[in-house]
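Colleague: Under my numbering, the first residue of the sequence shown is numbered -9, with each subsequent residue one higher.
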Amino acid sequence: MSIVYYESTGTFHLYNDKISYIMMILPNGQMGQLYFGKKVHLREDYSYLLEMVSRSMTSYVFENERTLSLEHIKQEYGVYGSSDYRLPAVEILQDNGSRICDFVYRTHRIIGGKPKLEGLPATYTEKDDEAQTLILTLQDPITGVELELFYTIFSRGGILARSARFVNGGTETVHLLKAMSLCLDLPDCDYDWIQFSGAWARERHPRMRRLEQGIQSVGSMRGHSSHEHNPFLILKRPSADENQGEVIGFSLIYSGNFIAQAEVDTHDTTRVLLGIHPEWFDWKLDPGESFQTPEAVMVYSGSGLNHMSQTFHRLYRERLARGYWRDRVRPILINNWEATYFDFTEEKILKLARKAADAGIELFVLDDGWFGERSSDRAGLGDWVVNRDRLPDGIPGLASRIHEMGMKFGIWIEPEMVNKDSDLYREHPDWILTVPNRNQTHGRYQHVLDFSRKEVVDTIFQMISDILKDGSVTYVKWDMNRSITECWSAALPADRQGEVFHRYILGVYDLYERLTSTFPQVLFESCASGGGRFDPGLLYYAPQGWTSDDTDAIERLKIQYGTSFCYPVSSMGAHVSTSPNHQVGRATPLSTRANVACFGTSGYEMDLNRLSERELAEIKDQVTFMKKWRRLLQYGTFFRLKSPFDGNIASWMTVSDDRSQAIVGWYRILNSVNPPYTRMKLAGLDPDRLYKVSKDSVFLGEFYGDELMNVGLITSDACSGESPDAPDASHDFESRIYILE
Ligand code: DGJ
-9 MSIVYYESTG TFHLYNDKIS YIMMILPNGQ MGQLYFGKKV HLREDYSYLL EMVSRSMTSY
51 VFENERTLSL EHIKQEYGVY GSSDYRLPAV EILQDNGSRI CDFVYRTHRI IGGKPKLEGL
111 PATYTEKDDE AQTLILTLQD PITGVELELF YTIFSRGGIL ARSARFVNGG TETVHLLKAM
171 SLCLDLPDCD YDWIQFSGAW ARERHPRMRR LEQGIQSVGS MRGHSSHEHN PFLILKRPSA
231 DENQGEVIGF SLIYSGNFIA QAEVDTHDTT RVLLGIHPEW FDWKLDPGES FQTPEAVMVY
291 SGSGLNHMSQ TFHRLYRERL ARGYWRDRVR PILINNWEAT YFDFTEEKIL KLARKAADAG
351 IELFVLDDGW FGERSSDRAG LGDWVVNRDR LPDGIPGLAS RIHEMGMKFG IWIEPEMVNK
411 DSDLYREHPD WILTVPNRNQ THGRYQHVLD FSRKEVVDTI FQMISDILKD GSVTYVKWDM
471 NRSITECWSA ALPADRQGEV FHRYILGVYD LYERLTSTFP QVLFESCASG GGRFDPGLLY
531 YAPQGWTSDD TDAIERLKIQ YGTSFCYPVS SMGAHVSTSP NHQVGRATPL STRANVACFG
591 TSGYEMDLNR LSERELAEIK DQVTFMKKWR RLLQYGTFFR LKSPFDGNIA SWMTVSDDRS
651 QAIVGWYRIL NSVNPPYTRM KLAGLDPDRL YKVSKDSVFL GEFYGDELMN VGLITSDACS
711 GESPDAPDAS HDFESRIYIL E
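#1: Would R620 and V355 qualify as a contact pair, given that the criterion is a beta-carbon distance under 7 Å?
#2: How many Å lie between L4 and S171 at the Cα?
#3: So if I measure from each beta-carbon to every heavy atom of ligand 1 and keep distances below 6 Å, which residues remain?
#4: Could you tell me the distance, in whole angstroms, from the CA atom of W484 to the CA atom of L601?
#5: Need the endpoints of the alpha helix (DSSP H) that Y36 sits in, please.
#6: Would a C-beta distance cut-off of 7 Å place P221 and F186 closer than the cut-off?
#7: Tell me the residue span of the beta strand (DSSP E) that contains M14.
#8: Do I322 and M616 have their C-beta atoms within less than 7 Å of each other?
#9: Which runs of the alpha helix (DSSP H), 4 residues or longer, sit entirely within the region 539 to 616?
#10: Using 8 Å as the threshold, is the region 119 to 133 in touch with the region 529 to 538, meaning 3 or more CB pairs across them?
#11: My output table needs one value for A252: the three-state DSSP class, helix, strand or coil.
#12: Three or more beta-carbon pairs under 8 Å between the region 581 to 592 and the region 642 to 656, yes or no?
#13: By how many angstroms is the C-alpha of L58 removed from the C-alpha of F52?
#14: Could you check if Q436 is buried or exposed, using at least 16 other CB atoms within 10 Å of its CB as the buried criterion?
#15: Alpha carbon to alpha carbon, what distance is there between Y494 and G239?
#16: Are the Cβ atoms of Y181 and L225 separated by less than 7 Å?
#17: Tell me the rounded alpha-carbon separation between S706 and T668.
#18: Within 10 angstroms of the Cβ of N638, are there 16 or more other Cβ atoms? Answer buried if so, exposed if not.
#19: Flag this pair as yes or no: are the beta carbons of S153 and F144 separated by less than 7 Å?
#20: In whole angstroms, give me the CA-to-CA distance for E81 and L263.
#21: Of all the beta strand (DSSP E) runs that stay within the bounds of the region 440 to 487, which reach a length of 3 or more residues?
#22: Opposite H217 in the DSSP bridges: which residues?
#23: In the DSSP assignment, find the beta strand (DSSP E) that holds S(-8) and state where it starts and stops.
#24: What are the boundary residues of the alpha helix (DSSP H) that includes K341?
#25: Closest by CA to I184, which one among H219, L529, V164?
#26: With a cut-off of 8 Å, do at least 3 Cβ pairs link the region 265 to 277 to the region 227 to 241?
#27: Hey, could you find the ends of the beta strand (DSSP E) P634 is sitting in?
#28: Would you kindly work out how many angstroms separate the C-alpha atoms of V446 and N325, rounded to a whole number?
#29: To which residues does DSSP link T127 through a beta bridge?
#30: Return the bridge partner residues of E236 from the DSSP annotation.
#31: With respect to the beta strand (DSSP E) encompassing M407, which residues constitute its N-terminal and C-terminal limits?
#32: Evaluate the contact criterion for the region 198 to 208 versus the region 296 to 309: three or more CB pairs, one atom per stretch, below 8 Å.
#33: Kindly indicate which residue of K398, Q651, S73 has the alpha-carbon position closest to the one of D92.
#34: Taking C-alpha atoms, which residue in R89, T424, R344 lies nearest to G396?
#35: Quick check on DSSP: helix, strand or coil for F271?
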């Protein structure tokens, strides 16, 4: 991997064995984008890629010259208004009302490794030779504002991380109205656009369509990355599929309002923008002040979607997630939420815990309702002190009883929120985000604390620290159950109210940073009504997230399948819950619920006391299975084989690094009668190795890797036509786990 600068032509070439990223200083001093894709040769002069031609109805940069038009030039950080008509990467409002600016090249630095982004989550290196970073310094001569563009190329994988930093080096105050993390101009528009969208309990379903002239865009203005859209976007060649073809993934390491957009212009070039949503964003930059955008990561794959996903998985698992739990297998947990909701006593909790301990479960998580006056969702949020009516000996008392059973203990918190019926709100009614004299909308009877204020974050940090400091709690589920409305802070002047959304997220990151560094061995799991903030920003602090509030195995196939396009299995919280399921009322076999949940950081969320001895024995076996295979399940190389969006069968698999072991998950949604013969082509195996294949512990035979990948694994069965009571009779929602060794 290297970054080369050719001074004679002003060309920068960033490359590793997979990709090249080439740009050059344009004749007007701005930065032009020349190429991003599969690695090409180094050459001093790539300026033939500029394609400067004279066209009608075009505006040109230089007097008496008709070739350089920003409308026709691919740029690194486009600005609107001086011959470029596409939506820009940056917009700066100046004293005289103008928004025109010209960022011209001044200097650059190339450094080993990767600098930290102050106050923001970002990918990192552990050694300087893992990556190189180019920092281009540009300047707008009129305002004096400097723009630093950061490009980090990693030695491994087709990865480029980007961000931008603004420093007001001038003498007048300016307002940053738009500051994208990434702008990429591509030379054509022959792409499918894939977004990951949905709703609460139906998150991250992939949606694909062809890019078209005009703007296609997704984003969030809810104050969190949202259930509705994920800050992740794929552009793929129409002929590309899971295993071959050109694909680019764009991911934003941010948890607040975002926009992801592609604009195809009149000449079929494509501009991709990714960053903080410019709507309601207005950052006042006084002389001497600076602003750092979040980081965006681009991954290029020349060999299909699976390879792109695997590149993201490895990067986010190893160089975004941090700390004690980064590389450790995750504990199998039981969470009491769907077992009890708010209706619990210590006795009830202990009864559930005993059953869990008997099954070999390792961690008990006490969900919502253990603090303040929290007996429903109407009261208590903000009062992070134990409710002694429920837990007479406090958290340490309950925790020690759970520890005696051989399990660790964890708690649920929702630190960013407050109920009006709470001591915290009664003491500090001005600590919520609200506009004076306006209606205060609530979500689930709760209001959002103003995390842009340090004293608010300090207070919550103190309360949570008081609970964690005796060490009895080793896991925290950090929830967040409403979107932000009436976004206004009592602590900021009128001309800084456009900063509140971003300052809020910086406050969330600050609290996460303080808690995770003070309690480094506590495992944090992020949650926002399930998957409402399942984004790379939070993975930096919490190596796993609650993927969705929907625990139905069949719905989960879709959710986990969609989520896997960007996020590793080790990041996806997945629980076995009761049947019929609480969200969709569907009855599924216990085995299928476990066979889906084991492709995640797995656990249970059901009342084990209601199960039969046979079911409890089955759970015990499942837990033994998960313990035996979780390293491979959570940290193996993951392949999507068959999409639950495309038919009745879904399948995925994971392969160990040395390709000596693999696990295949196979799921049939509805049973079919006398069905056709089927085979499933596997992936990622060693073609020359002979694998012993077993299905649900029954040995099936030995097959070479090349057979399994090219001929396929036989998956057909006679299926149905038998009495439902026959021992081998098949049913709806069946699944299988194949082990390859
Ligand atoms: C929403 C979460 O997603 C659930 O798992 C649960 O923790 C509830 N909140 C508790 O209020």
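A virtual CB, placed ideally from N, CA and C, is assigned to each residue, including glycine.
The structure displayed is predicted, hence computed values, not measured ones.
Modeller: If we stick to the structure as given:
#1: No. Outside cutoff.
#2: In this structure, the CA atom of L4 is about 18 Å from the CA atom of S171.
#3: Sorted by position in the chain, W327, D357, D358, W402, D469, N471, C517, S519, G520, W536, D539 make up the residues whose C-beta lies under 6 Å from a heavy atom of ligand 1.
#4: In the sequence as presented, Trp is not what sits at residue 484; that position holds Ala. Near 58 Å, if we compare the C-alpha coordinates of L601 and A484.
#5: No alpha helix (DSSP H) contains Y36, which DSSP labels as neither H nor E.
#6: In this structure, F186 does not lie closer than 7 Å to P221 by Cβ.
#7: 9 to 15 is the extent of the beta strand (DSSP E) around M14.
#8: Their beta carbons are under 7 Å apart, which means I322 touches M616 by this criterion.
#9: Given a length threshold of 4 residues, each whole run of the alpha helix (DSSP H) inside the region 539 to 616 is given here in chain order: 543 to 553, 580 to 587.
#10: The region 119 to 133, when compared against the region 529 to 538, does not touch it at the 8 Å Cβ threshold.
#11: It is a strand residue.
#12: Segment contact: the region 581 to 592 against the region 642 to 656, three or more CB-CB distances shorter than 8 Å; contact assigned.
#13: Taking the straight line from one Cα to the other gives about 7 Å.
#14: Classified as buried, Q436 has 16 or more neighbouring CB atoms from the shown chains inside 10 Å of its CB.
#15: G239 and Y494 have their C-alpha atoms some 27 Å from each other.
#16: In contact: Y181 and L225 (Cβ atoms closer than 7 Å).
#17: So the alpha carbons of these two residues sit roughly 5 Å apart.
#18: Taking all protein chains in view, the Cβ of N638 is surrounded by fewer than 16 other Cβ atoms within 10 Å, so the residue is classified as exposed.
#19: Cβ atoms of S153 and F144: not closer than 7 Å.
#20: Cα to Cα, the separation comes out at about 13 Å.
#21: The DSSP assignment places complete beta strand (DSSP E) segments of no fewer than 3 residues inside the region 440 to 487 at 465 to 468, in order along the chain.
#22: Under DSSP, H217 forms no beta bridge with any residue.
#23: Per DSSP, S(-8) belongs to the beta strand (DSSP E) from -8 to -4.
#24: K341 -> alpha helix (DSSP H) spans 336 to 348.
#25: Per the Cα distances, H219.
#26: Verdict: no, contact absent.
#27: The continuous stretches of beta strand (DSSP E) do not include P634, and DSSP gives it neither H nor E.
#28: Near 29 Å, if we compare the C-alpha coordinates of N325 and V446.
#29: Note: T127 sits in a beta bridge opposite T97, E138.
#30: According to DSSP, residue pairing for E236 in a beta bridge does not occur.
#31: 407 to 409 is the span of the beta strand (DSSP E), which, as asked, contains M407.
#32: Below 8 Å, too few C-beta pairs join the region 198 to 208 and the region 296 to 309 to call them touching: fewer than three.
#33: Nearest option by C-alpha distance: S73.
#34: Here the closest residue by C-alpha is R344.
#35: DSSP places F271 in coil when its eight states are reduced to three.
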